[in-house]
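Enquirer: All you need for the working numbering is the position in the sequence shown, starting with 1, plus 426.
Ideal Cβ placement from N, Cα and C applies to all residues, glycine included.
Can you read through this structure? Questions will come right after.
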Amino acid sequence: MAGRRQQILFAVRVAAWLVMGALVIGLARRMNWDEVFGAFAAADLRLALVATLFGVPCVALQGLRWSSLVNAVRKVPFATPVAAIFVGQAASAFLPMRAGEAVRTELLARATGMGRAASLGTVALDHSVNGLVMFAIAGSLPLLLPVPRWMAIVLWSGMAGAIALALVLLRLSRTPSSSEGRLGQLIAKMRSGLVALRNPAAVARAAGFSAASWSVEIAVAMLALAAFHLPHDLPHAMAVLFGVSLAQAIPAPPASLGNFELGAGTALVAFGGPPEHAAAFAIGYHAMQLLPTLVAGGLMLSRFRLRLPQHA
Numbered sequence: 427m428a429g430r431r432q433q434i435l436f437a438v439r440v441a442a443w444l445v446m447g448a449l450v451i452g453l454a455r456r457m458n459w460d461e462v463f464g465a466f467a468a469a470d471l472r473l474a475l476v477a478t479l480f481g482v483p484c485v486a487l488q489g490l491r492w493s494s495l496v497n498a499v500r501k502v503p504f505a506t507p508v509a510a511i512f513v514g515q516a517a518s519a520f521l522p523m524r525a526g527e528a529v530r531t532e533l534l535a536r537a538t539g540m541g542r543a544a545s546l547g548t549v550a551l552d553h554s555v556n557g558l559v560m561f562a563i564a565g566s567l568p569l570l571l572p573v574p575r576w577m578a579i580v581l582w583s584g585m586a587g588a589i590a591l592a593l594v595l596l597r598l599s600r601t602p603s604s605s606e607g608r609l610g611q612l613i614a615k616m617r618s619g620l621v622a623l624r625n626p627a628a629v630a631r632a633a634g635f636s637a638a639s640w641s642v643e644i645a646v647a648m649l650a651l652a653a654f655h656l657p658h659d660l661p662h663a664m665a666v667l668f669g670v671s672l673a674q675a676i677p678a679p680p681a682s683l684g685n686f687e688l689g690a691g692t693a694l695v696a697f698g699g700p701p702e703h704a705a706a707f708a709i710g711y712h713a714m715q716l717l718p719t720l721v722a723g724g725l726m727l728s729r730f731r732l733r734l735p736q737h738a
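Listed below in structure tokens is the structure:
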């Protein structure tokens with residue numbers, strides 16, 4: 427049964443990649459690549475460099491968000507989850523399906539001894555808090571721009587989904603699992619990583635760091651848009667950022683290649699941007715996101731090299 431499930435999941439991943447590849451290739455064939463290269467040549471490299479450098483504090487704030495929740499479970503140095511999230515995001519550049527999430531889960535478990543299942547619980551909670559904050563901010567986008575109706579529906583549906591997930595995790599954190607077998611045992615172990623939900627101060631700190639991180643992300647998007655001489659006001663930056671976030675929910679190849687560009691480019695084209703300039707921006711913006719993560723992640727990896735593995 428488990429083997430059959432793995433085969434189905436693998437088939438779904440391959441199908442998603444094929445669809446994504448077909449979409450990207452189809453769009454690429456319609457592009458006037460002279461205009462794309464021209465947009466790159468005209469880009470302001472100083473603004474692009476500033477946007478790239480801002481990527482480091484942005485990820486650091488994400489790490490502090492996670493650290494706030496981890497410390498409600500077990501007291502650890504705040505730098506440990508921060509380093510783990512840098513390494514995890516760097517790993518996602520080489521691993522498919524955003525497997526960097528598994529990397530940061532494993533690194534936290536090894537560094538703190540809290541166990542893999544409990545560590546996974548903190549990661550799930552971290553995503554829930556971040557999703558709630560993201561959709562709370564994104565929900566204001568239809569009030570700032572005449573967005574397509576489908577986009578407003580997606581944003582508000584995402585908010586409802588994030589709230590539902592948070593309620594499920596809250597229930598799991600309070601109620602012992604009645605399921606038997608391996609799934610029940612996993613849920614029981616994960617509960618120890620969800621106890622932060624019972625700590626309002628920890629959740630509030632995490633939400634604060636999440637809001638700060640999204641603020642920096644929006645600033646980076648504005649700088650990147652300005653670097654490519656595109657409209658770079660707050661609504662356009664938010665549209666690009668949340669377009670990327672939604673596209674990354676699709677099963678992705680390493681570094682979210684294709685997903686990222688499709689999300690950023692589609693958001694710009696939806697608001698009347700020229701496709702060639704949108705494509706150039708999407709590729710350049712992705713590079714601005716990847717470079718600081720790879721460098722910082724490589725440097726942070728040394729923090730975990732001498733750690734011995736801990737068993738869940």
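Could you check whether residue 517 and residue 509 sit closer than 8 Å to each other, using their CB atoms as the reference points?
Expert: Cβ distance not < 8 Å, so residue 509 and residue 517 don't count as in contact.
Enquirer: Taking just the CA atoms, how far does residue 528 sit from residue 736?
Expert: Note on residue 736: pLDDT 48, under 50, position unreliable in the model; no value is reported.
Enquirer: Among 576, 730, 464 and 682, which has the Cα closest to the Cα of residue 450?
Expert: 682
Enquirer: Contact defined as beta carbons within less than 8 Å: I believe residue 474 pairs with residue 653. What is the distance between those atoms, to the nearest angstrom?
Expert: Indeed they touch by this definition, with Cβ atoms about 4 Å apart.
Enquirer: If we ignore side chains and look at the alpha-carbon of each, how far apart do residue 584 and residue 534 end up?
Expert: CA-to-CA, the gap between residue 584 and residue 534 works out to about 28 Å.
Enquirer: Short check: CB of residue 492 to CB of residue 507, under 8 Å?
Expert: Yes; because the gap between Cβ atoms is below 8 Å, this pair is in contact.
Enquirer: Looking only at C-alpha atoms, which of 459, 477, 721 and 554 sits nearest to residue 636?
Expert: Selected option, being the one with the closest Cα: 554.
Enquirer: In chain order, what residues of the same chain have a beta carbon less than 7 Å from the beta carbon of residue 642, not counting five sequence neighbours either side?
Expert: 480, 483, 484 and 487
Enquirer: Under 8 Å: do the stretch 682-694 and the stretch 653-670 share three or more Cβ pairs, one atom per stretch?
Expert: At 8 Å Cβ cutoff, the stretches touch.
Enquirer: I'd like to check one pair, residue 499 with residue 544: are the Cβ atoms closer than 8 Å?
Expert: yes
Enquirer: Which parts of the stretch 451-516 are runs of the alpha helix (DSSP H), unbroken and 4 residues or longer, counting only runs that do not cross its ends?
Expert: 459-467, 471-479 and 481-496
Enquirer: If you check the beta carbons only, do residue 592 and residue 558 fall under 8 Å apart?
Expert: yes
Enquirer: Please look up how many angstroms separate the CB atoms of residue 648 and residue 655, rounded, as I've assumed it's under 8 Å.
Expert: Not confirmed; about 13 Å, so no contact.
Enquirer: Using only alpha-carbon positions, find the residue among 707, 453, 634 and 713 that is nearest to residue 662.
Expert: 707
Enquirer: Quick one: give me the first and last residue of the alpha helix (DSSP H) that residue 641 is part of.
Expert: Unbroken alpha helix (DSSP H) run through residue 641: 626-653.
Enquirer: Could you pull the start and end residues of the alpha helix (DSSP H) that residue 671 belongs to?
Expert: 660-673
Enquirer: For a test of the three-state rule: what should DSSP assign to residue 566, helix, strand or coil?
Expert: coil
Enquirer: Taking the alpha carbon of residue 478 as the point to measure from, which residue in 723, 713 and 538 has its own alpha carbon closest?
Expert: 713
Enquirer: With 8 Å as the threshold, decide whether the Cβ of residue 723 is near any Cβ in chain D.
Expert: The chain inventory of the structure shown lacks chain D, comprising one protein chain alone.
Enquirer: List the endpoints of the continuous alpha helix (DSSP H) containing residue 709.
Expert: Counting along the chain, the alpha helix (DSSP H) containing residue 709 begins and ends at 701-726.
Enquirer: Going by other Cβ atoms of all chains shown within 10 Å of its Cβ, with 16 needed for buried, is residue 458 buried or exposed?
Expert: Result: exposed.
Enquirer: Just verifying my parser: in three-state terms, what is the DSSP assignment at residue 561?
Expert: helix
Enquirer: Roughly how many whole angstroms lie between the Cα atoms of residue 445 and residue 624?
Expert: 42 Å
Enquirer: Put residue 680 into one of helix, strand or coil per three-state DSSP.
Expert: helix
Enquirer: Considering residue 530, what are the terminal residues of the alpha helix (DSSP H) in which it resides?
Expert: Looking at the DSSP string, the run of the alpha helix (DSSP H) that includes residue 530 is 526-538.
Enquirer: Tell me which residues share the same chain as residue 514 and place their Cβ nearer than 6 Å to its Cβ, disregarding the 5 neighbours each side in the sequence.
Expert: 526, 529 and 530
Enquirer: Straight-line CA distance for residue 725 to residue 538?
Expert: 20 Å
Enquirer: With H, G and I counted as helix, E and B as strand and the rest as coil, what does DSSP make of residue 686?
Expert: helix
Enquirer: Under a three-way DSSP split, which group does residue 698 fall into?
Expert: coil
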